[in-house]
Amino acid sequence: MTAPIPARTSPGESVAVVNATSQARRPSGVPAYLRDAPTRQLGLSARSWTWLIVSAFAVVVEIAPRAGWVDAFSLVPLSESLRTAASLLGQRDFWATALVPTLSAMVIAAVLSIVSGVLLGWVLWRLALVRRAVDPWLTTYYAVPTFALYPLLVAVLGVGMLPIVLLATLFAVVAVAVNTLAGFDAVPPTAEKLSRSLLLTRGQHFRMVQFPSALPGIIVGVRLALSYSIISVLASEFILASRGLGRYIAVAYNNFAVDEMYAGVLLVLAIAVSANALVSKLIRRIAWLEAS
Amino acid sequence: MAGGVVTVPNVAVTAKSLGVALHNAMVLLVVPAVLVLLWAVTAAQVGSLVFPGPWDSLRGLAEDLNNARFRANLMATGRLLLVAFALSAVVGVCAGFVIGLLSFWHRVLETLLYAVYSIPKITLYPIFLLFLGIGDVSRISFAFFHGVFPMVLMVMGATARLDRKYLRLAAAASLTKSQLLRKILLPALLPAVVTALRLSFGLTLLGLILAEMFSSNTGVGYELVRNVGQLKIDHIAGQVVLLAALAVWPSALLRWVEVRVHRRYLG
Chain W
1 MTAPIPARTS PGESVAVVNA TSQARRPSGV PAYLRDAPTR QLGLSARSWT
51 WLIVSAFAVV VEIAPRAGWV DAFSLVPLSE SLRTAASLLG QRDFWATALV
101 PTLSAMVIAA VLSIVSGVLL GWVLWRLALV RRAVDPWLTT YYAVPTFALY
151 PLLVAVLGVG MLPIVLLATL FAVVAVAVNT LAGFDAVPPT AEKLSRSLLL
201 TRGQHFRMVQ FPSALPGIIV GVRLALSYSI ISVLASEFIL ASRGLGRYIA
251 VAYNNFAVDE MYAGVLLVLA IAVSANALVS KLIRRIAWLE AS
Chain F
1001 MAGGVVTVPN VAVTAKSLGV ALHNAMVLLV VPAVLVLLWA VTAAQVGSLV
1051 FPGPWDSLRG LAEDLNNARF RANLMATGRL LLVAFALSAV VGVCAGFVIG
1101 LLSFWHRVLE TLLYAVYSIP KITLYPIFLL FLGIGDVSRI SFAFFHGVFP
1151 MVLMVMGATA RLDRKYLRLA AAASLTKSQL LRKILLPALL PAVVTALRLS
1201 FGLTLLGLIL AEMFSSNTGV GYELVRNVGQ LKIDHIAGQV VLLAALAVWP
1251 SALLRWVEVR VHRRYLG
């Protein structure tokens, strides 16, 4: 989703830069908003600044509770949270009651929502009439707090993995469907024409023209499905569940075990970041396959 | 008279547009109708004790709406939502615009903001509680935190991607600062702002409901979770329907504005 930084190497630009330097003192010079952005600030590149901010944040979290800037009941030094998280990862019991239920619910929900979302998107794309009725609801779907359904699901299905997976799938499926739909909409008309002049069969047409054209949209959907499943599973566990990482954090909070709570939060961050990295890697591989 | 000549086609036009509007409304109602039908059929199959049908739920909802405590909780959620959404809109637009203008800092912060955006934020809610205590302040802050990121990211992206040709044109025409704002920046950024407002509204509400469900003794989220313990399934179902019905309107309104703004400014 990260937008590329626009290239700015047009010939007019360099003229503007020259003018900016030569006329800097004159009031009629090139306005500030047209001058080129510096590539460094205080001798550091943008990437270094990003890392600097992250490390500064980590240092503050480490020092603040030790120096008494915040009280020890609110914040735990980062190194201690990390140590607790590491020891949790060594406990069999923690894996069985927290990590395994959470991770498996996430994976199942992600797979279910991707499969059903792509299918739904494709069906809607084929059936224009159905799409007309469903389209306005797709755009407002995420305005409705889907999690209000969770207590209902728990009341009907009981506490367990089923309501968690069901809610996560419901939450993620629309994002996949919307992006699949956008992907199929993006099939270029010239490609349609070409496949007609090449007399492709319908199967070939789908395999060689429509699906590859829709793939970028579907990939966006896959990425969203994963992050929505992660969010939804953790939120459900957090509110009402008998197992899982979300529940672990909620219980630790309620028992004033601030140390364990922060360790749980760190593990959540680790899961979110590594899932994101995994998908990026996968996407790069697919993109490479496409290019070759 | 000229008046007669003018009014006749006007009547025809309004009748026609009324017909179109009616038709659109019918199309819009298809999905809810199908859902209610499915719900009723499932409920009839399963049995209303375990799984209440639409009618039982509406009765539960009517009972709730007659209850002063429930109405107070509904209002409480509405009030907090309004404050949190206003905050995320104002802060999101301002921060996004400023960061988007400073292209070096845009590069620095973009990665960080996207990373925070993709975190499952609900697990950070206990931290809000630890620092701000249980109460309206922590709930508003969390709802704000939950909703502000799409706002910042979208406005920031739109500002940073602003076509440099427009800016060069502004420089060539020697526009003043206020002219630049009115004639160039506002039309160029408004579509992104409206879209971001719509996304941000949904996320702010979601954050608020989640916060209320986790730990609070007021609000709709609290009502929902309370009913689970008491196994009042018909009441939960009624409240879910009410919540969905209430949440759809602001979003539909924003969508309506969005479509018009996009048509006007993006051609």
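If you read the sequences in order, they're chains W and F. Just so we're aligned: 93 in this note's numbering is position 93 of the first sequence, and the numbers increase by one with no gaps anywhere. Quick note: to get this note's numbering, add 1000 to the position in the second sequence (first position is 1). Even glycine gets a Cβ: it sits at the ideal position worked out from N, Cα and C.
ask   = To the nearest angstrom, how far is it from the Cα of S22 (chain W) to the Cα of A1115 (chain F)?
value = Low per-residue confidence applies at S22 (chain W): pLDDT is 46, beneath 50, and the placement is therefore not dependable, though the value from the model is reported in the following sentence. Their Cα atoms are separated by approximately 40 Å.
query = Can you tell me whether I249 (chain W) is buried or exposed, with buried defined as 16 or more other CB within 10 angstroms of its CB?
reply = Around the Cβ of I249 (chain W), a 10 Å sphere holds 16 or more other Cβ atoms; the residue is buried.
inquiry  = Quick check on DSSP: helix, strand or coil for Q1346 (chain F)?
reply    = An answer regarding residue 1346 (chain F) cannot be provided, because it is not within the stretch 1001 to 1267 covered by chain F.
key: Residues of its chain near Y141 (chain W), where Cβ-Cβ distance is below 8 Å and the 5 sequence neighbours each way are ignored   = Sequence-distant partners of Y141 (chain W) (beyond 5 residues in either direction) whose C-beta falls short of 8 Å from its own C-beta, in its chain, are V174.
inquiry  = Which residue wins for smallest C-alpha separation from P1120 (chain F), given the options W:A277, W:Y253, W:F238 and W:S280?
reply    = Residue nearest to P1120 (chain F) within the set W:A277, W:Y253, W:F238 and W:S280 is W:F238 (criterion: CA-CA distance).
message = Can you list, in chain order, the residues of its chain with a C-beta nearer than 8 Å to that of R1071 (chain F)? Leave out the 5 residues immediately preceding and following it.
response = Counting only Cβ-Cβ distances below 8 Å, and skipping sequence neighbours, we find L1065.
task = Output the residue ranges of the alpha helix (DSSP H) runs that lie fully inside the segment 1053 to 1112 of chain F and measure 4 residues or longer, sorted by chain position.
result = The segment 1053 to 1112 of chain F contains these whole alpha helix (DSSP H) runs: 1054 to 1066 and 1068 to 1101.
query = Rounded to whole angstroms, how far is the Cβ of V1152 (chain F) from the Cβ of A1244 (chain F), which I believe are closer than 8 Å?
reply = The distance from the Cβ of V1152 (chain F) to that of A1244 (chain F) is about 27 Å, inconsistent with a contact at the 8 Å cut-off.
ask   = CB S1103 (chain F) to CB A46 (chain W), shorter than 7 Å?
value = No, these two residues do not count as a Cβ contact at 7 Å.
query = For the 8 Å Cβ check, are there 3 or more pairs between the segment 1235 to 1253 of chain F and the segment 1172 to 1192 of chain F?
reply = Result no; under three Cβ-Cβ pairs closer than 8 Å.
ask   = Can you name the residues of chain F whose CB is closer than 7 Å to the CB of Q41 (chain W)?
value = Within chain F, the C-beta atoms nearer than 7 Å to that of Q41 (chain W) come from F1104, in chain order.
inquiry  = I want to see whether chain F comes within less than 7 Å of S81 (chain W), judged by CB atoms only; does it?
reply    = Answer no: the Cβ-Cβ gap between S81 (chain W) and chain F never drops below 7 Å.
request  = Please decide whether M994 (chain F) counts as near chain W, where near means a Cβ-Cβ distance under 7 Å.
outcome  = Residue 994 (chain F) lies beyond the range of chain F shown here (1001 to 1267); nothing can be said about it.
query = Which class does R1161 (chain F) belong to by DSSP, given the choice of helix, strand or coil?
reply = Coil, per DSSP.
message = Which of the three DSSP states is assigned to L44 (chain W) in this structure?
response = Here L44 (chain W) carries a strand assignment [DSSP, helix/strand/coil].
Exposure label - A272 (chain W); buried when at least 16 CB within 10 Å = Buried is the call here.
ask   = If you measure beta-carbon to beta-carbon, which residues of the segment 93 to 109 of chain W are closer than 9 Å to chain F?
value = Contact residues of the segment 93 to 109 of chain W toward chain F are absent (C-beta to C-beta distance below 9 Å).
inquiry  = Could you tell me which whole beta strand (DSSP E) segments of length 3 or greater appear in the segment 1017 to 1046 of chain F?
reply    = The DSSP assignment places no complete beta strand (DSSP E) segment of no fewer than 3 residues inside the segment 1017 to 1046 of chain F.
task = Could you have a look at T39 (chain W) and say whether DSSP puts it in helix, strand or coil?
result = It is coil, neither helix nor strand.
key: Pair within 7 Å by beta-carbon distance, F1144 (chain F) and A1068 (chain F)   = No, the Cβ-Cβ distance between F1144 (chain F) and A1068 (chain F) is not below 7 Å.
ask   = On the premise that H1146 (chain F) lies in contact with T1204 (chain F), defined as a C-beta separation below 8 Å, what is that separation, rounded to the nearest angstrom?
value = Confirmed, Cβ separation roughly 6 Å.
request  = Give the interface partners of T139 (chain W) over in chain F, defined as CB-CB distance under 7 Å, in chain order.
outcome  = Within chain F, the residues R1255 have their CB atoms less than 7 Å from the CB of T139 (chain W), given in chain order.
request  = Give the C-beta separation of L1206 (chain F) and L1080 (chain F) to the nearest angstrom, bearing in mind that I take them to be a contact with Cβ-Cβ under 8 Å.
outcome  = For a cut-off of 8 Å, the C-beta gap from L1206 (chain F) to L1080 (chain F) is around 13 Å, too long to register as a contact.
Run of the alpha helix (DSSP H) containing S227 (chain W), from where it starts to where it stops = Note, S227 (chain W): alpha helix (DSSP H), F211 to I239.
request  = Report the rounded CA-to-CA distance for V1046 (chain F) versus P1052 (chain F), giving the unit in angstroms.
outcome  = Taking the straight line joining both Cα atoms gives about 9 Å.
key: Pair within 7 Å by beta-carbon distance, R243 (chain W) and T84 (chain W)   = Not a contact, by the Cβ cut-off of 7 Å.
message = Does any residue of chain W have a CB that is nearer than 7 Å to the CB of I1099 (chain F)?
response = Not one beta carbon of chain W lies nearer than 7 Å to the beta carbon of I1099 (chain F).
inquiry  = Checking 7 Å against the spacing of the C-beta atoms, do A172 (chain W) and A235 (chain W) come in under that value?
reply    = Contact: no.
message = For the alpha helix (DSSP H) containing S116 (chain W), name the first residue and the last one.
response = S116 (chain W) -> alpha helix (DSSP H) spans V100 to R126.
is_contact[V265 (chain W), chain F] using C-beta, thresh 7 Å = Closer than 7 Å to some Cβ of chain F, the Cβ of V265 (chain W) qualifies, so yes.
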